[in-house]
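Participant: Quick one: the structure is below, and I'll ask about it shortly.
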Amino acid sequence: MALSKGFALLSLIFIIHLAGIYLFTSGFLLTRHSLPDFTQCPDNSCTLPPTHQRALLIIIDALRFDFISPDPPTPASPFHHNILTLPQELTAAHPRHSFLFNAYSDPPTATLQRIKALTTGSLPTFIDIGNNFGGSSIAEDSIMKQLHLSGKQVAFMGDDTWMSVFPDSFHPNMTFPYDSFNVEDLHTVDNGVVRHLFPLLEDESKPFDFLVGHFLGVDHVGHRVGLDHPSMKEKLNQMNRVLTRVVELLDRDTLLVVLGDHGMDRSGDHGGDGDLETSSAMWIYSKGAELSVDPLSLPSGLLQYRTFPNAPTSHRSIQQIDIVPSLSLLLGLPIPFNNLGTVIPELFWRERSGAGLIRALEINVAQIRNYLAAYRSSSSGGELHDAWQKLNEAWTATQSTTLTVEQYLIVMSNYTRVSLAACRAIWAQFNPFLMGLGLALLGMGLIATWAAYSGLSLAGDSWNEWLDGQLQNYMRGAAVGSICGLLAYLALKSYLPGMDALDCILFCAPFVVCIVIIATSTPSLFFSSIPIPLILHAMAFLSNSFTFWEDRMVPFLIMSSITPYVLKGAIAPSSRLRWRILGFSALFAVCVRLISISTVCREEQQPYCHLTFYAPSSWGSPPIPVLYLAIPVAILLPWILRSFLKISRSHLGLTKIFLPWILMPSLLAGVAYWLMDWADSTNILDGHWSPILRLARTWLARSAFIFVLAGGGSLWWLIPLCLDISSPTPEPGEKRQVTVIGYANAFGSSYLVFWTISLAVVYITTQLTGQLVLALTAVALVAHLEVVDSVRDVRMMETLAASNPSALLNVPTPSRSPPIRFSDVVPIALLGLHAFYGTGHQSAIPSIQWKSAFILSPSANYALSPLTVILNSFGPLLLVGLAVPLLALWNRSPLPAVPPTAQKPAHKTRADTQIQGESIIAGLSVMIYYLGLLLGAAVSAAILRRHLMVWKIFAPRFMVAVLELVVVEVGVLVGFGAGVQRIGGRVAYLFRGVATQLA
Numbered sequence: 000m001a002l003s004k005g006f007a008l009l010s011l012i013f014i015i016h017l018a019g020i021y022l023f024t025s026g027f028l029l030t031r032h033s034l035p036d037f038t039q040c041p042d043n044s045c046t047l048p049p050t051h052q053r054a055l056l057i058i059i060d061a062l063r064f065d066f067i068s069p070d071p072p073t074p075a076s077p078f079h080h081n082i083l084t085l086p087q088e089l090t091a092a093h094p095r096h097s098f099l100f101n102a103y104s105d106p107p108t109a110t111l112q113r114i115k116a117l118t119t120g121s122l123p124t125f126i127d128i129g130n131n132f133g134g135s136s137i138a139e140d141s142i143m144k145q146l147h148l149s150g151k152q153v154a155f156m157g158d159d160t161w162m163s164v165f166p167d168s169f170h171p172n173m174t175f176p177y178d179s180f181n182v183e184d185l186h187t188v189d190n191g192v193v194r195h196l197f198p199l200l201e202d203e204s205k206p207f208d209f210l211v212g213h214f215l216g217v218d219h220v221g222h223r224v225g226l227d228h229p230s231m232k233e234k235l236n237q238m239n240r241v242l243t244r245v246v247e248l249l250d251r252d253t254l255l256v257v258l259g260d261h262g263m264d265r266s267g268d269h270g271g272d273g274d275l276e277t278s279s280a281m282w283i284y285s286k287g288a289e290l291s292v293d294p295l296s297l298p299s300g301l302l303q304y305r306t307f308p309n310a311p312t313s314h315r316s317i318q319q320i321d322i323v324p325s326l327s328l329l330l331g332l333p334i335p336f337n338n339l340g341t342v343i344p345e346l347f348w349r350e351r352s353g354a355g356l357i358r359a360l361e362i363n364v365a366q367i368r369n370y371l372a373a374y375r376s377s378s379s380g381g382e383l384h385d386a387w388q389k390l391n392e393a394w395t396a397t398q399s400t401t402l403t404v405e406q407y408l409i410v411m412s413n414y415t416r417v418s419l420a421a422c423r424a425i426w427a428q429f430n431p432f433l434m435g436l437g438l439a440l441l442g443m444g445l446i447a448t449w450a451a452y453s454g455l456s457l458a459g460d461s462w463n464e465w466l467d468g469q470l471q472n473y474m475r476g477a478a479v480g481s482i483c484g485l486l487a488y489l490a491l492k493s494y495l496p497g498m499d500a501l502d503c504i505l506f507c508a509p510f511v512v513c514i515v516i517i518a519t520s521t522p523s524l525f526f527s528s529i530p531i532p533l534i535l536h537a538m539a540f541l542s543n544s545f546t547f548w549e550d551r552m553v554p555f556l557i558m559s560s561i562t563p564y565v566l567k568g569a570i571a572p573s574s575r576l577r578w579r580i581l582g583f584s585a586l587f588a589v590c591v592r593l594i595s596i597s598t599v600c601r602e603e604q605q606p607y608c609h610l611t612f613y614a615p616s617s618w619g620s621p622p623i624p625v626l627y628l629a630i631p632v633a634i635l636l637p638w639i640l641r642s643f644l645k646i647s648r649s650h651l652g653l654t655k656i657f658l659p660w661i662l663m664p665s666l667l668a669g670v671a672y673w674l675m676d677w678a679d680s681t682n683i684l685d686g687h688w689s690p691i692l693r694l695a696r697t698w699l700a701r702s703a704f705i706f707v708l709a710g711g712g713s714l715w716w717l718i719p720l721c722l723d724i725s726s727p728t729p730e731p732g733e734k735r736q737v738t739v740i741g742y743a744n745a746f747g748s749s750y751l752v753f754w755t756i757s758l759a760v761v762y763i764t765t766q767l768t769g770q771l772v773l774a775l776t777a778v779a780l781v782a783h784l785e786v787v788d789s790v791r792d793v794r795m796m797e798t799l800a801a802s803n804p805s806a807l808l809n810v811p812t813p814s815r816s817p818p819i820r821f822s823d824v825v826p827i828a829l830l831g832l833h834a835f836y837g838t839g840h841q842s843a844i845p846s847i848q849w850k851s852a853f854i855l856s857p858s859a860n861y862a863l864s865p866l867t868v869i870l871n872s873f874g875p876l877l878l879v880g881l882a883v884p885l886l887a888l889w890n891r892s893p894l895p896a897v898p899p900t901a902q903k904p905a906h907k908t909r910a911d912t913q914i915q916g917e918s919i920i921a922g923l924s925v926m927i928y929y930l931g932l933l934l935g936a937a938v939s940a941a942i943l944r945r946h947l948m949v950w951k952i953f954a955p956r957f958m959v960a961v962l963e964l965v966v967v968e969v970g971v972l973v974g975f976g977a978g979v980q981r982i983g984g985r986v987a988y989l990f991r992g993v994a995t996q997l998a
């Protein structure tokens, strides 16, 4: 089938893009190489006599430093949210038994990565954040492994992430994991920890040597309702009571460590590297042995201080991984082999001579030296080559025999910090060769996609025959490229760093195909076809300012892209077309401006950005006007879409059933879900209603999904056309006439119904403010379709007038109207990005709306939760990919205006062929735009890979560009393969050999 050839072309282009993405990311997002070695110390030469027999590690997830400040909080202070006053009271009473630190948590600040760091002392890499949704067990050395090797009994209760990374480390009778991913549940995990923690502390036999209690409530409150919600105060009060009780039950042989695995930003989220996310609290307390003789007498060169954002004074600051060597030595354990942390000086300053701290740092330095030497001998050892001289110089300084005690302590501490800095740098290393191959393939893919677009545009109605021959050439090129890739690997594998045979094939085969496409379809180089908005958009990623202000840049590009239509409308040859173009352009512009009102601010945009997606008084709740508008908008949107269809009299047939009885209830179900979520999170109803609301909204969302996908999808598949057909009984001797209402937009109206099925699904997964944005996006889309259709009429009239001035009066409309252009697709492509930002997202990890993971399930479901998060985050881009065929289908009739002849049957008309070809062209156009953005983001990430903000701005934007391209192209494939093919088949069947009276 002709449509299958088009689908094959689109699929081939998609595969080329995926290959380029794979190669570039393989070189850009490298992971840390883990060594299997573990520290062994049979002669106790790498341990210290234990100061405590056991330890209690209490993790309060997302406990930020200002929540546990040593300064008494006042309403006017920057710490007015702090209510954990217990550490401050104990610090005043026992200054040598209690220490409070602002601990720096290395990004990505996700729980799984922080658990790995807190137990191994090593650093995560940026790409490791993907493992947060299904972490595997930790194979490298850790404090948990050292406890096991020493025969210690370890108890655990709380976040079940620990069970995925340490499945065999805990005593089976003292292990109580709880689901960690249900952010809507603020109390189950915490209450479970309390229920099992205190009986163990009260047990006179002390059955544990090490206890981990991981509370999640503070983190879940932040994700669920934000930092400033009253629930946060209640949760911190509960934690304060827990710590008070823990201290009461603590014996003199148990060391208490209380910490946050990371902080949270102002919205209650985390994952990135903002100051609020990386500033976690750490409090260490001993009821028995003193931890320090006099911390004020420590050499000042060993201590670092940092000012918490908006705090009036600086506070003692450490690296969070410093707890690993410190806790290990305090318990008499060896330091884990891969550790890069430094012992905390205050905990080992037990005599004024500094002997205890000297010995602790010597063990620490020797362990890090052994680790670096082993790493340099590993397969990844080349990464240390550039830093090795500096590391050797720092090591040599520690071997000097002429240093004073203070100097000796400082040079040893300096060696550990130099090592940490060097490893941070090498784990931000790249494979430039793979990155270069990826960029080359992405660049060739962009040219090849443009060439295919140009070839199809020039082929016109003969695109089917043209494509038939081209696909055979492409397949031959892929075969030749695969063979070349394999031979190249066999001959040059010693010169191809970090590549295997598959990588060579994945480069060579698509690259050769791109060459074939370009050679057989020369890309159009006319000035009128140059995608200027795309070029400007892609180049903007070379600037960090333009990158994090992209949400403000996109509306400007959208308005610029519709300016030519406004100018064309101003000089349209008829008043009807003039008012249609100007009116619908104005409607499109108004929708774009209204979408711009919805904003979520990045940290870098402060103080020039004002949050509007959520209510300013409560992060997580929608603004009050949104609550009032949500239901009316859900009711009005189907009516507005029906009004657009009514213009072409396509509002009958399937539309009469689908819009009021399928689409509207689905949209209202989505609104009802989030209204119940709002009512639950704001405690408007009594707390006893929470389980009922949770159950009700879960089943409401499930029912809506099933209703619109199964019910609406089945109805559309069986009756896809929005036509009203009548065939009155003819008079004797007359032929039967068939009256078809909606004929002029038979393709477009049916495809719009198909598109609204996806709109409803994305609508359900989107929060209330985002739902208004999606409604505006839908209205803007159909307004643009009307503009393009009217401009197409103007171009056709201008062409006829130029060739024959009397043509407008005497010649029937030609069967082939002007084809769509790349510029017609640009506003829709930009509209998808605009909706992405308008629905509360940014190119930053903290903007992920984790609430959406629990739409179809009250707890984490690894089949459903990722799906709803993706739909919530990238649903607007999916809608763009699905929408672009509408440019080819909208207001295009199934038959030419001239009657069919014997030589050209009605079911094989040039008009039908044109629509099919232009659907492919539209799909290629939007692929070009998003591939151009990806290429721009990839080039900027490659050039600026040593930029200070690469992992904060450029790498996240590149990853978002990857996901945007993949989602859009999946939408194009689904839209063309399912929507266009089904509609085309049904229309061809219906109008085969039928004499019609068109209406």
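Residue numbers for the sequence shown, in numbering that gives the first Met the number 0: 0 to 998.
For every residue, glycine included, the Cβ atom is placed at its ideal position computed from N, Cα and C.
1. Applying the 10 Å Cβ sphere with the 16-neighbour rule, what's the burial state of residue 411?
2. State the DSSP-derived secondary structure class of residue 307, mapped to helix, strand or coil.
3. What three-state label does DSSP hand residue 15 in the structure shown?
4. From which residue to which residue does the alpha helix (DSSP H) around residue 754 run?
5. Could you please give me the residues that DSSP links to residue 214 through a beta bridge?
6. Would you call the segment 763-770 and the segment 731-750 touching, i.e. three or more CB-CB distances under 8 Å?
7. If you follow the alpha helix (DSSP H) that residue 665 is part of, which residue opens it and which one closes it?
8. As an exercise, report each continuous beta strand (DSSP E) stretch of at least 3 residues that is fully enclosed by the segment 341-367, in chain order.
9. Evaluate the contact criterion for the segment 851-867 versus the segment 788-802: three or more CB pairs, one atom per stretch, below 8 Å.
10. Count Cβ pairs between the segment 614-632 and the segment 708-717 that sit closer than 8 Å; are there 3 or more?
11. Going by alpha carbons, who is nearest to residue 964 out of 932, 600 and 114?
12. Between residue 546 and residue 472, is the Cβ-Cβ spacing less than 8 Å?
13. Would you identify the three-state DSSP class for residue 718, choosing helix, strand or coil?
14. Would you say residue 668 and residue 703 are within 8 Å of each other, going by their C-beta atoms?
15. Count Cβ pairs between the segment 150-160 and the segment 109-125 that sit closer than 8 Å; are there 3 or more?
16. DSSP state of residue 446, grouped into three classes?
17. Over what stretch of residues does the alpha helix (DSSP H) that includes residue 566 continue unbroken?
18. To the nearest angstrom, how far is the alpha carbon of residue 567 from that of residue 826?
19. Could you give the DSSP three-state label for residue 282: helix, strand or coil?
20. For residue 226 versus residue 263, is the C-beta spacing smaller than 8 Å?
21. Quick one: using the 10 Å Cβ neighbour count with 16 as the cut-off for buried, is residue 676 buried or exposed?
22. With distances taken Cα to Cα, identify the nearest neighbour of residue 736 among 724, 745 and 747.
23. Going by C-alpha distance, which of 821, 98, 752 and 352 is nearest residue 407?
24. Buried or exposed: residue 607, going by 16 or more other Cβ atoms within 10 Å of its Cβ?
25. Can you find the residues in the same chain that come closer than 6 Å, C-beta to C-beta, to residue 572, ignoring five residues on each side of it along the sequence?
26. When DSSP labels each residue in this structure, what does residue 601 get in the three-state scheme?
27. Report yes if the CB atom of residue 919 is closer than 8 Å to the CB atom of residue 8, and no otherwise.
28. How is the beta strand (DSSP E) around residue 101 delimited, first residue to last?
29. What separation, rounded to the nearest whole angstrom, lies between the Cα atoms of residue 307 and residue 214?
30. Please go through the same chain and pick out, in chain order, the residues whose beta-carbon is closer than 7 Å to the beta-carbon of residue 436, but skip the five residues on each side of it.
31. In this structure, how does DSSP classify residue 5 when only helix, strand and coil are distinguished?
32. Consult DSSP for residue 32 and reduce its assignment to one of helix, strand or coil.
33. Taking just the CA atoms, how far does residue 881 sit from residue 119?
34. Which term fits residue 557, buried or exposed, when burial requires 16 or more other beta carbons within 10 angstroms of its beta carbon?
35. Give me the DSSP bridge partner(s) of residue 174.
36. Residue 772 bridges to which residues according to DSSP?
Facilitator: Based on what the coordinates show:
1. buried
2. coil
3. helix
4. 745-763
5. 59
6. no
7. 663-680
8. none
9. no
10. no
11. 932
12. no
13. coil
14. yes
15. yes
16. helix
17. 549-569
18. 16 Å
19. strand
20. yes
21. buried
22. 724
23. 352
24. exposed
25. 796
26. coil
27. yes
28. 97-103
29. 24 Å
30. 22 and 506
31. helix
32. coil
33. 46 Å
34. buried
35. 155
36. Note: residue 772 sits in no beta bridge, so no partner.
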